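Protein chains: 2
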Amino acid sequence: MSVKFNGKYLEGFLREEEFAQLWPQVQSAHDQLMNRTGAGNDYLGWVDLPVNYDKQEFSRIKQAAERIMQDTDILVVIGIGGSYLGARAVIEAVKSIQYNSICKNTPQIFYAGNTISPNALNDLLAICEGKRVSVNVISKSGTTTEPAIAFRVFKKYLEQKCGVEEARRRIYATTDASKGTLKELADAEGYETFVVPDDVGGRYSVLTAVGLLPIACSGIDIDALMAGAAAAREKLSDCDKDNDCYRYAAARNLLYRRGKSIETLVSYEPNFTMMNEWFKQLFGESEGKDGKGLMPTSVICSTDLHSMGQFLQDGARIMFETVVDICRPVKDFVVEADAANRDGLNFLAGLGLAEVNRKAMQGTILAHRDGGVPEIVLEMDSLEAADLGYLIYFFERACAISGYLLGVNPFNQPGVESYKKNMFALLGKPGYESEKAALEAKLS
Amino acid sequence: MSVKFNGKYLEGFLREEEFAQLWPQVQSAHDQLMNRTGAGNDYLGWVDLPVNYDKQEFSRIKQAAERIMQDTDILVVIGIGGSYLGARAVIEAVKSIQYNSICKNTPQIFYAGNTISPNALNDLLAICEGKRVSVNVISKSGTTTEPAIAFRVFKKYLEQKCGVEEARRRIYATTDASKGTLKELADAEGYETFVVPDDVGGRYSVLTAVGLLPIACSGIDIDALMAGAAAAREKLSDCDKDNDCYRYAAARNLLYRRGKSIETLVSYEPNFTMMNEWFKQLFGESEGKDGKGLMPTSVICSTDLHSMGQFLQDGARIMFETVVDICRPVKDFVVEADAANRDGLNFLAGLGLAEVNRKAMQGTILAHRDGGVPEIVLEMDSLEAADLGYLIYFFERACAISGYLLGVNPFNQPGVESYKKNMFALLGKPGYESEKAALEAKLS
Numbered sequence: 001m002s003v004k005f006n007g008k009y010l011e012g013f014l015r016e017e018e019f020a021q022l023w024p025q026v027q028s029a030h031d032q033l034m035n036r037t038g039a040g041n042d043y044l045g046w047v048d049l050p051v052n053y054d055k056q057e058f059s060r061i062k063q064a065a066e067r068i069m070q071d072t073d074i075l076v077v078i079g080i081g082g083s084y085l086g087a088r089a090v091i092e093a094v095k096s097i098q099y100n101s102i103c104k105n106t107p108q109i110f111y112a113g114n115t116i117s118p119n120a121l122n123d124l125l126a127i128c129e130g131k132r133v134s135v136n137v138i139s140k141s142g143t144t145t146e147p148a149i150a151f152r153v154f155k156k157y158l159e160q161k162c163g164v165e166e167a168r169r170r171i172y173a174t175t176d177a178s179k180g181t182l183k184e185l186a187d188a189e190g191y192e193t194f195v196v197p198d199d200v201g202g203r204y205s206v207l208t209a210v211g212l213l214p215i216a217c218s219g220i221d222i223d224a225l226m227a228g229a230a231a232a233r234e235k236l237s238d239c240d241k242d243n244d245c246y247r248y249a250a251a252r253n254l255l256y257r258r259g260k261s262i263e264t265l266v267s268y269e270p271n272f273t274m275m276n277e278w279f280k281q282l283f284g285e286s287e288g289k290d291g292k293g294l295m296p297t298s299v300i301c302s303t304d305l306h307s308m309g310q311f312l313q314d315g316a317r318i319m320f321e322t323v324v325d326i327c328r329p330v331k332d333f334v335v336e337a338d339a340a341n342r343d344g345l346n347f348l349a350g351l352g353l354a355e356v357n358r359k360a361m362q363g364t365i366l367a368h369r370d371g372g373v374p375e376i377v378l379e380m381d382s383l384e385a386a387d388l389g390y391l392i393y394f395f396e397r398a399c400a401i402s403g404y405l406l407g408v409n410p411f412n413q414p415g416v417e418s419y420k421k422n423m424f425a426l427l428g429k430p431g432y433e434s435e436k437a438a439l440e441a442k443l444s
Numbered sequence: 445m446s447v448k449f450n451g452k453y454l455e456g457f458l459r460e461e462e463f464a465q466l467w468p469q470v471q472s473a474h475d476q477l478m479n480r481t482g483a484g485n486d487y488l489g490w491v492d493l494p495v496n497y498d499k500q501e502f503s504r505i506k507q508a509a510e511r512i513m514q515d516t517d518i519l520v521v522i523g524i525g526g527s528y529l530g531a532r533a534v535i536e537a538v539k540s541i542q543y544n545s546i547c548k549n550t551p552q553i554f555y556a557g558n559t560i561s562p563n564a565l566n567d568l569l570a571i572c573e574g575k576r577v578s579v580n581v582i583s584k585s586g587t588t589t590e591p592a593i594a595f596r597v598f599k600k601y602l603e604q605k606c607g608v609e610e611a612r613r614r615i616y617a618t619t620d621a622s623k624g625t626l627k628e629l630a631d632a633e634g635y636e637t638f639v640v641p642d643d644v645g646g647r648y649s650v651l652t653a654v655g656l657l658p659i660a661c662s663g664i665d666i667d668a669l670m671a672g673a674a675a676a677r678e679k680l681s682d683c684d685k686d687n688d689c690y691r692y693a694a695a696r697n698l699l700y701r702r703g704k705s706i707e708t709l710v711s712y713e714p715n716f717t718m719m720n721e722w723f724k725q726l727f728g729e730s731e732g733k734d735g736k737g738l739m740p741t742s743v744i745c746s747t748d749l750h751s752m753g754q755f756l757q758d759g760a761r762i763m764f765e766t767v768v769d770i771c772r773p774v775k776d777f778v779v780e781a782d783a784a785n786r787d788g789l790n791f792l793a794g795l796g797l798a799e800v801n802r803k804a805m806q807g808t809i810l811a812h813r814d815g816g817v818p819e820i821v822l823e824m825d826s827l828e829a830a831d832l833g834y835l836i837y838f839f840e841r842a843c844a845i846s847g848y849l850l851g852v853n854p855f856n857q858p859g860v861e862s863y864k865k866n867m868f869a870l871l872g873k874p875g876y877e878s879e880k881a882a883l884e885a886k887l888s
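For the record, the sequence lines run as chains A and B.
Following my numbering, the numbering of the first sequence begins with 1 at its first residue and continues without gaps.
Following my numbering, the numbering of the second sequence begins with 445 at its first residue and continues without gaps.
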């Protein structure tokens with residue numbers, strides 16, 4: 001189990017000496033992290049989480065998942081940002097982006113409370129019609145607008161469909177351990193609750209109950225997921241020069257300092273689509289502050305070689321690519337020979353698509369590199385739970401080191417409040433009245 | 445029916461005089477387009493397509509769609525890039541991103557041949573098991589690797605499941621009018637065929653049979669879609685200063701010249717997700733060449749305000765946003781009062797979510813603008829077929845004008861070939877042998 005940093009395709013873009021020259025700063029970032037002296041050091045619970053987690057709660061998560069698998073057709077996961085992206089990313093990476101169309105002995109999983117769109121809510125209510133529904137509501141506070149609205153709706157929906165008592169059994173709340181609106185409600189109603197730890201921020205929370213309960217409900221082995229993360233923690237905790245995670249953090253920082261503005265995360269596996277989104281939150285929210293940061297973007301290839309491929313090959317040279325090379329598919333598919341060979345594909349006969357896909361990846365890496373795009377390659381074995389757990393920890397740690405290298409607090413997100421304040425004022429929320437008139441004047 | 449350019453939130457970023465100073469270039473771009481004197485003028489079929497299309501074929505498309513709706517549980521659309529993105533974008537925008545979970549009297553629609561992943565193919569074959577499947581294979585040539593592989597598989601699948609004769613009835617080929625691998629095969633087998641016109645490039649092809657057949661199969665009114673596009677053509681064909689499409693093209697070009705590198709397309713409607721992807725191909729492939737071009741990216745809000753929101757609010761100031769403001773939802777959802785009001789949401793009671801979502805949008809526009817992000821707003825009525833047809837034509841035309849303003853050929857995509865050449869060589873495709881050793885040396 002590993003994620004290997006392959007810097008071969010950075011030749012011509014970065015010199016090896018640059019790594020050496022940056023290394024004292026990497027060491028300093030490492031020290032800030034390990035000595036808990038850096039900005040945001042209240043949020044370092046993720047560092048030792050893979051070994052230092054609540055085993056009793058972990059066991060309750062598995063029991064709850066078993067129950068949900070038995071009595072539920074549709075699990076509605078209510079959460080926004082870090083409170084749904086990690087779970088969804090893992091479920092689709094390990095199982096399939098078509099999980100809801102292929103799941104058999106596990107519930108379908110739909111996500112609510114991550115948008116205010118009435119269309120999304122109406123559609124989901126239609127989908128739930130006639131099905132046995134359970135809800136996992138995930139919110140540290142319980143007051144975030146999007147999930148709070150969705151939960152108000154689904155709580156009432158369940159109470160009307162199956163009665164107050166049964167609804168209470170079908171609602172699982174992942175929230176603060178002791179305080180807040182959702183915790184109070186959960187205690188009053190008697191929901192089973194799980195904990196969003198105080199020292200793990202939303203975008204780092206996938207290996208807490210926030211991610212683990214929905215993931216377990218999809219039938220994924222959460223022990224393997226944690227074991228993979230634990231292996232990464234073991235492997236990546238020393239600041240030596242062959243720490244692949246730190247090499248990656250250094251490379252992306254060096255490319256930023258050389259003027260690259262964008263990191264494009266690339267995968268050749270559609271099931272990785274939501275992992276791309278999880279990555280974008282992790283790095284975008286951690287680095288994008290004080291006017292700084294690489295803008296994270298993503299593509300799925302070869303799909304997007306037929307949309308963004310032209311830009312990546314030959315457009316403005318403002319990005320580098322980080323290619324996640326997943327060596328082994330769930331199951332291969334061998335191209336068969338065809339007697340007529342009208343499509344001219346017989347040169348592929350006998351090859352597995354995994355191999356063809358791999359050649360597409362290699363060919364593209366060389367083409368883009370020759371087109372002026374620095375290429376970082378991260379090599380991993382598969383998207384099985386353990387390998388994915390390793391990758392998650394790899395990225396989390398790389399992100400922390402990257403933030404300190406950039407000179408920002410990688411664990412806060414002050415900018416996320418700005419839109420909320422304006423929205424509340426425009427909606428006339430109590431306490432925000434004074435801003436309303438000024439904002440409306442700006443809009444009119 | 446309209447798409448309005450609202451430039452109010454560009455104040456402080458662009459001066460009105462800049463528009464006036466750029467306008468002679470806009471006029472020149474317009475003249476290149478209308479006089480067919482610009483680069484890529486072999487590919488201007490889309491300009492008059494909304495009125496000048498093959499009515500007989502259009503009628504055949506509707507008949508084929510009726511037949512498919514009757515005899516099909518799952519329609520597999522095989523195509524890559526422009527040969528699937530437009531159809532999928534329209535279906536999900538008008539119907540729902542959850543189309544496959546809510547469709548009732550129309551077939552589920554899955555997309556194949558846009559990836560080489562064996563996982564995607566294996567999953568789709570599992571999904572098709574026991575269902576009545578039809579296939580729409582879309583390829584101008586029939587030799588593009590990804591769709592050609594998928595079609596080889598699904599042709600055999602159908603022939604084995606329901607016999608050669610029935611398979612022939614269930615395969616619909618959208619391809620060249622007279623030549624090429626797929627056309628020859630279709631004629632030999634007797635598939636019903638539809639035409640990919642010679643003068644309409646892939647990314648501009650959504651309003652040809654390429655997009656229209658799958659769209660019609662989802663039950664969308666393709667007459668309304670075309671009528672919307674025709675209305676846009678009527679409205680946007682003169683180069684006067686209140687042409688909203690040209691104002692938009694001018695604004696994005698001015699922002700580029702001022703140093704912005706990225707255009708982030710923003711919508712507050714999850715059903716718009718694939719329209720974002722369609723937009724990214726349209727603009728990225730048209731502008732991203734010769735080391736130039738705005739890099740297109742996208743977010744769905746408020747979802748992504750909890751992932752990319754921090755970066756957009758306060759990260760590197762390298763982007764501007766183009767917000768697609770969709771005024772009316774399919775159906776609203778009114779927030780109800782709750783006696784206990786534990787979640788504190790009663791200030792929203794009686795409001796429709798469309799209104800709440802709108803305030804989120806307005807609040808975010810102001811917050812991001814105040815954070816240093818130029819905001820373009822494009823206002824449209826709804827995502828009904830006619831309005832979407834209008835928007836599609838609006839973007840197509842804005843893209844052509846943008847390309848000429850940038851000084852590139854907006855209708856070619858030479859960079860897309862680079863990865864294919866390398867891939868073919870690495871795979872040992874006949875005719876590419878000479879490159880193989882050199883590429884393998886670069887990889888080892």
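For every residue, glycine included, the Cβ atom is placed at its ideal position computed from N, Cα and C.
Computed from a predicted model, the values in this text were never measured in an experiment.
May I ask you to report which of helix, strand or coil DSSP gives residue i?
i: residue 327 of chain A; result: strand
i: residue 236 of chain A; result: coil
i: residue 800 of chain B; result: helix
i: residue 481 of chain B; result: coil
i: residue 651 of chain B; result: coil
i: residue 436 of chain A; result: helix
i: residue 448 of chain B; result: strand
i: residue 486 of chain B; result: helix
i: residue 430 of chain A; result: coil
i: residue 290 of chain A; result: coil
i: residue 855 of chain B; result: coil
Beta carbon of residue i, beta carbon of residue j: below 8 Å?
i: residue 470 of chain B; j: residue 690 of chain B; result: yes
i: residue 790 of chain B; j: residue 329 of chain A; result: no
i: residue 233 of chain A; j: residue 373 of chain A; result: no
i: residue 109 of chain A; j: residue 218 of chain A; result: yes
i: residue 307 of chain A; j: residue 728 of chain B; result: yes
In terms of residues, what are the limits of the alpha helix (DSSP H) holding residue i?
i: residue 145 of chain A; result: 145-170
i: residue 644 of chain B; result: No alpha helix (DSSP H) holds residue 644 of chain B; DSSP gives it neither H nor E.
i: residue 127 of chain A; result: 118-128
i: residue 333 of chain A; result: Segment: none, residue 333 of chain A is in no alpha helix (DSSP H) and carries neither H nor E.
i: residue 421 of chain A; result: 416-427
i: residue 406 of chain A; result: 385-406
i: residue 51 of chain A; result: Here residue 51 of chain A belongs to no alpha helix (DSSP H), and DSSP marks it neither H nor E.
Along the chain, where does the beta strand (DSSP E) that runs through residue i open and close?
i: residue 112 of chain A; result: 108-112
i: residue 381 of chain A; result: 375-382
i: residue 637 of chain B; result: 636-639
Just list the residues that DSSP pairs residue i with in beta bridges.
i: residue 265 of chain A; result: A:298 and A:322
i: residue 617 of chain B; result: B:581 and B:637
i: residue 520 of chain B; result: B:554 and B:579
So residue i contacts chain A; which residues on that side make the cut at Cβ distance below 9 Å?
i: residue 848 of chain B; result: Within chain A, no residue comes near residue 848 of chain B; the closest Cβ sits about 16 Å away, beyond 9 Å.
i: residue 801 of chain B; result: 115, 116, 117 and 118
Just the chain B side, please: which residues come within less than 7 Å of residue i by C-beta, in chain order?
i: residue 306 of chain A; result: 524, 525 and 860
List the residues of chain A that residue i touches, going by C-beta distances under 8 Å, in chain order.
i: residue 596 of chain B; result: 335, 336, 338, 343 and 345
i: residue 909 of chain B; result: Residue 909 of chain B cannot be examined here, being either before or after the span of chain B that is shown, 445 to 888.
Can you name the residues of chain E whose CB is closer than 8 Å to the CB of residue i?
i: residue 540 of chain B; result: You won't find chain E in this structure, because its protein chains are A and B.
Whose Cβ in chain B lies nearer than 8 Å to the Cβ of residue i?
i: residue 270 of chain A; result: 559, 561, 563 and 564
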